[in-house]
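Visitor: So the sequence shown is residues 0 to 381, counted in numbering that gives the first Met the number 0.
Structure below; questions to follow.
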Amino acid sequence: MNETLSLGRIAGVRVGLHWSVLVIVVLVTVALARGRFPDAHPGHSAIAYWALALLTAVVFLGSLLTHELAHAVVARRNGVQVDGITLWMLGGAARLHDEAPTPAAELRIAGVGPLTSLLAGGVLAGVAAGLDALHASGLVVEAFAWLAAINVLLAVFNALPAAPLDGGRLLRAYLWHRTGDRARATRGASAAGRALGWFMVVTGFVAVLYGRDLSGLWAALIGWFLIGAATAEARQAEMRSLLGGVPVSRVMTPDPVTVPATANLADFLAEGPFGQYRHSAFPVLAADGSVTGVITLRRVDATPPRARASTMVHEVMRPLGDIVTAAPEELVLDLLPRLQASPVRRALILDEGRLVGILTIADITRALTWPAAPGPDGPHRD
């Protein structure tokens with residue numbers, strides 16, 4: 000989940016918002032301003048309800064951020080690099096660069112999230128009780144009480160033993176510790192995640208169809224997300240199992256076709272697709288043979304036909320600074336996150352500055368789908 004708006008760094012961790020986080024703000028604000036607040040404490044002005052509801056929604060986002068920051072801080076203390084935190088429609092996500100090195104580290108990283116939410120709920124409940132004892136505005140007390148309850152609910156839901164929830168991570172840590180097989184543990188937690196997801200989808204739609212409860216749609220949406228995320232985790236675990244320790248040089252396309260930086264676009268197009276340029280992206284070389292960037296057919300196609308004869312490749316290429324690069328000995332799993340985040344979806348493989356290959360997502364997919372080699376006892380599958 001890529002961020003739309005950066006909030007800078009908190010505790011050294013990059014924090015951002017995805018545009019869909021507005022959905023949370025709107026839903027919480029409307030539900031409180033038009034439902035819970037006026038129902039529990041009638042007689043206040045509409046401005047008071049809406050202003051306090053909006054403030055409560057923002058504080059709720061703050062509690063989500065605190066939950067994710069707890070994950071990030073503990074992850075770093077356990078040697079796991081944190082790429083950032085993004086808040087979005089269904090909560091927050093701390094992006095960890097690597098997996099936990101041990102089951103114990105997994106336990107600590109996952110467990111701190113629900114504990115933080117539970118602690119936040121307790122503190123907020125204490126504040127609500129204190130304000131009530133001081134005879135503060137009932138509306139304000141109601142806001143703190145709601146925040147306390149939602150944080151406790153967040154802690155309980157996240158503790159459910161199903162991936163990708165924190166409880167799923169705890170389940171994986173337990174299975175990993177018992178079996179010694181992280182991939183097998185991930186498959187078990189992912190299966191639990193899919194089961195929970197389908198349960199929420201079915202019960203959500205039943206609530207809508209038979210109970211006329213539209214909140215069931217929200218449960219179904221969360222369930223659908225759980226199914227997709229749990230499935231993705233299982234696939235990622237399988238990928239890590241297959242590609243663990245595999246260097247880039249094993250899956251890259253060596254000696255790719257290149258394009259001179261001084262070639263014009265008309266000549267470039269004249270060579271393909273029946274000439275040498277049969278792909279959709281090509282490394283661009285300067286006169287001295289050094290790599291200067293990548294030219295894609297999309298960029299060429301965006302150039303007006305009348306201008307192609309007078310437009311040089313280097314004028315429309317993506318410069319080298321915008322392209323992911325890697326060394327031949329770098330591990331595919333280390334390169335993959337950068338490759339997936341790249342708009343070009345390709346990496347140039349350089350050996351001491353010299354172009355030796357190119358790697359695409361398709362190359363990695365091909366490596367993953369290649370039939371397994373038979374072992375000493377014969378073929379593994381028909």
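Every residue, glycine too, gets a C-beta built ideally from N, C-alpha and C.
Excluding the 5 residues preceding and the 5 following F36 in the sequence, name in chain order all residues of the same chain whose CB lies nearer than 8 Å to its CB.
Guide: Counting only Cβ-Cβ distances below 8 Å, and skipping sequence neighbours, we find H43, Y48, L51, A52, L138, E141, A142.
Visitor: Going by Cα to Cα distance, which pick from A93, A56, A158, L296 is closest to E2?
Guide: E2 has its Cα closest to that of A93, out of A93, A56, A158, L296.
Visitor: Put V245 into one of helix, strand or coil per three-state DSSP.
Guide: Residue state, collapsed to three classes: coil.
Visitor: Buried or exposed, going by whether 16 or more other CB atoms sit within 10 Å of the CB of S62?
Guide: Looking at its Cβ environment, which holds 16 or more other Cβ atoms inside 10 Å, S62 is buried.
Visitor: Leaving out five residues before and five after I9 in sequence, what residues of the same chain have Cβ atoms less than 6 Å from its Cβ?
Guide: Correct list: empty, nothing qualifies.
Visitor: Along the chain, where does the alpha helix (DSSP H) containing T185 start, and where does it finish?
Guide: T185 -> alpha helix (DSSP H) spans 181-210.
Visitor: List, from N- to C-terminal side, the alpha helix (DSSP H) runs of 4 residues or more that fit wholly inside the stretch 345-374.
Guide: The stretch 345-374 contains these whole alpha helix (DSSP H) runs: 360-368.
Visitor: Let me check understanding here. Comparing Cα to Cα, which of G11, L54, W18 lies closest to V29?
Guide: Of G11, L54, W18, the residue nearest in Cα terms is L54.
Visitor: Do L95 and V79 have their C-beta atoms closer together than 7 Å?
Guide: A contact, by the Cβ cut-off of 7 Å.
Visitor: On the three-state DSSP scale, how would you describe W18?
Guide: W18: coil per DSSP, three-state reduction.
Visitor: Which residues bound the alpha helix (DSSP H) around A93?
Guide: Unbroken run through A93 is the beta strand (DSSP E), 90-95; no alpha helix (DSSP H).
Visitor: Count the C-beta pairs between the stretch 315-333 and the stretch 239-253 that are closer than 8 Å, then say yes if the count reaches three, no if not.
Guide: Contact holds: three or more Cβ-Cβ distances are below 8 Å.
Visitor: Check the C-beta distance from A158 over to G196 and give it rounded, since I have them as a contact under 8 Å.
Guide: The Cβ separation is near 16 Å, so there is no contact.
Visitor: For I294, write down the residues that DSSP places opposite it in a beta bridge.
Guide: F281.
Visitor: Alpha carbons only, please: which of W217, A182, G222, F204 is nearest the one belonging to G192?
Guide: It is G222.
Visitor: Pull up the distance between the alpha-carbon of V24 and that of T310, whole angstroms please.
Guide: Cα to Cα, the separation comes out at about 48 Å.
Visitor: When the Cα atoms are used, what is the spatial distance from A99 to A109?
Guide: A99 and A109: Cα-Cα distance of roughly 10 Å.
Visitor: Decide if W18 is buried, meaning its Cβ has at least 16 other Cβ atoms within 10 Å, or exposed.
Guide: W18 should be labelled exposed.
Visitor: Can you give me the start and stop residues for the beta strand (DSSP E) that T310 sits inside?
Guide: From DSSP, T310 is part of no beta strand (DSSP E); its letter is neither H nor E.
Visitor: Who are the near neighbours of E67 in its chain, counting only those whose CB is closer than 6 Å to its CB and skipping five residues on each side?
Guide: The answer, listed in chain order, is I84, G91, A93.
Visitor: Please list, in chain order, all residues of the same chain as G166 whose beta carbon is under 6 Å from its beta carbon, the five residues on each side excluded.
Guide: Excluding sequence neighbours, G166 sits near A158, L159, P160.
Visitor: So, with DSSP's three-state summary, where would you put P253?
Guide: Here P253 sits in strand by DSSP.
Visitor: Can you tell me which of the three DSSP states D381 falls into?
Guide: Annotation note: pLDDT 43 at D381 (below 50); position unreliable, no value reported.
Visitor: Among A132, S289, A148, A308, whose alpha-carbon lies nearest the alpha-carbon of V122?
Guide: Taking only the C-alpha atoms, the option nearest V122 is A148.
Visitor: Inspect the beta-carbon positions of R345 and A280 and report whether they are closer than 7 Å.
Guide: For R345 and A280, yes; Cβs fall inside 7 Å.
Visitor: For A262, which residues from the same chain have a beta carbon less than 6 Å from its beta carbon, with the 5 sequence-adjacent residues on both sides left out?
Guide: If we look at A262 and ignore the five residues flanking it on each side, its Cβ neighbours are V312.
Visitor: Look at the alpha carbon of M251 and the alpha carbon of L335, and state the distance between them as a whole number of angstroms.
Guide: About 12 Å.
Visitor: Secondary structure at D333, three-state DSSP: helix, strand or coil?
Guide: Reduced to three states, the DSSP call for D333 is helix.
Visitor: Tell me whether V343 sits in a helix, a strand or coil according to DSSP, three-state version.
Guide: Coil at V343, not helix or strand.
Visitor: Answer yes or no: do L264 and R307 have a C-beta to C-beta separation smaller than 7 Å?
Guide: Yes, they are a contact pair.
Visitor: Provide the residue(s) that pair with A325 in DSSP beta bridges, ordered along the chain.
Guide: Per DSSP, I348.
Visitor: What are the residues that DSSP puts in a beta bridge with R317?
Guide: According to DSSP, R317 bridges with V293.
Visitor: With R8 as the anchor, note down where its beta strand (DSSP E) starts and where it stops.
Guide: Taken as a continuous stretch (DSSP letters only), the beta strand (DSSP E) holding R8 covers 4-9.
Visitor: Would you list the residues sitting across from V81 in a DSSP beta bridge?
Guide: Paired residue(s): L95.
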